[in-house]
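What follows is a single structure, written as structure tokens, with notes after it.
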Amino acid sequence: MQRYILKHSLIIIGIIAISIISCKKEYTDPSRATQENVFNSIPGLTGAVVGLQRVFSLSQAGPLYNIVTINGLLTRELFVINQGNINEYKLSLGNKEVDGNNTLITGLWITSNKIIYDADNVIKSSASLSDKGIASGLIGYATIFKSLAIGAMSEFWENIPDSIGPNMTFIPRA
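The sequence shown begins at 1 in the numbering used here and counts up by one.
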């Protein structure tokens, strides 16, 4: 019995010691640009604005795909052949089958809010650029994708955030 207690107490002490000693260092990606570098230079802001278009239109998680799919499934313009696509199938059924964990709905919400956040950063940072021609182009491009993201969310939610942060206000649809 004493061996059992000694063995397990040593294991517990070892686990506690490892957890206390480990994870003290934070590893960062040296090839990744910092937020200060991105939003304080013209090439960084241009890259961020191009990233808005990429997030909006590229993948199945983007708002462009989700707008078409959600709208088509809810209006019965589209139908699900493979019921193994559970989120699409539940969305096509509607009513109580649609829950807050539906990946189409949460994907639209998350990516649209990311676009709004990045567009706000580009708009705010572009105002301090010395070349006002480039600044106006960046602000215009960012504003277009911010309005597309707000419009995408306004199709499916009654109130949507106009910015990201602790003191945000909501825009009513009506």
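C-beta atoms are modelled at their ideal positions from N, C-alpha and C, and glycine is treated no differently. For clarity, every value in this text was computed on a predicted model and none was experimentally measured.
| Asked | Found |
| --- | --- |
| My understanding is that Ala127 touches Ala142, with C-beta atoms under 8 Å, so please give their C-beta distance in whole angstroms. | Ala127 to Ala142, Cβ: 11 Å. No contact. |
| Hey, how far is the Cα of Glu155 from the Cα of Ile67? | 8 Å |
| Assess, as a yes-or-no matter, whether the region 41–52 is touched by the region 106–122 under the definition of 3 or more beta carbon pairs within less than 8 Å. | yes |
| Gly47 to Gly165, Cα distance in whole Å? | 23 Å |
| Whether or not the region 68–85 and the region 27–36 are in contact is what I'm after, with contact meaning three or more pairs of Cβ atoms, one per stretch, closer than 8 Å; do they touch? | no |
| Please classify Ala17: is it buried, with 16 or more other beta-carbons within 10 angstroms of its beta-carbon, or exposed? | exposed |
| What's the C-alpha gap between Ile86 and Thr106? | 14 Å |
| Tell me where the beta strand (DSSP E) around Asn66 begins and ends. | Counting along the chain, Asn66 falls outside any beta strand (DSSP E), though it belongs to the alpha helix (DSSP H) covering Pro63 to Leu74. |
| When you compare the CB of Ser126 with every CB in chain B, is at least one pair closer than 9 Å? | In the structure shown, chain B cannot be found, because there is only a single protein chain. |
| Using 9 Å as the threshold, is the C-beta distance between Ile123 and Ile139 below it? | yes |
| Just to confirm before moving on: does the CB-CB distance between Pro63 and Ser112 stay below 9 Å? | yes |
| To which residues does DSSP link Phe39 through a beta bridge? | DSSP, once it has assigned bridges, lists no residue as partnering Phe39. |
| Put Ile160 into one of helix, strand or coil per three-state DSSP. | strand |
| Taking Cβ to Cβ, would you say Ile144 is nearer than 9 Å to Met153? | no |
| Just mark Ile12 as buried or exposed, buried being the case when its beta carbon has 16 or more other beta carbons within 10 Å. | exposed |
| Return the residue from the list Gln35, Gln2, Leu10 and Phe170 that minimises the CA-CA distance to Ser125. | Gln35 |
| Within its chain, find whatever has a CB closer than 7 Å to the CB of Ser92; leave out the 5 residues flanking it on each side and keep chain order. | Leu73, Phe79 and Val80 |
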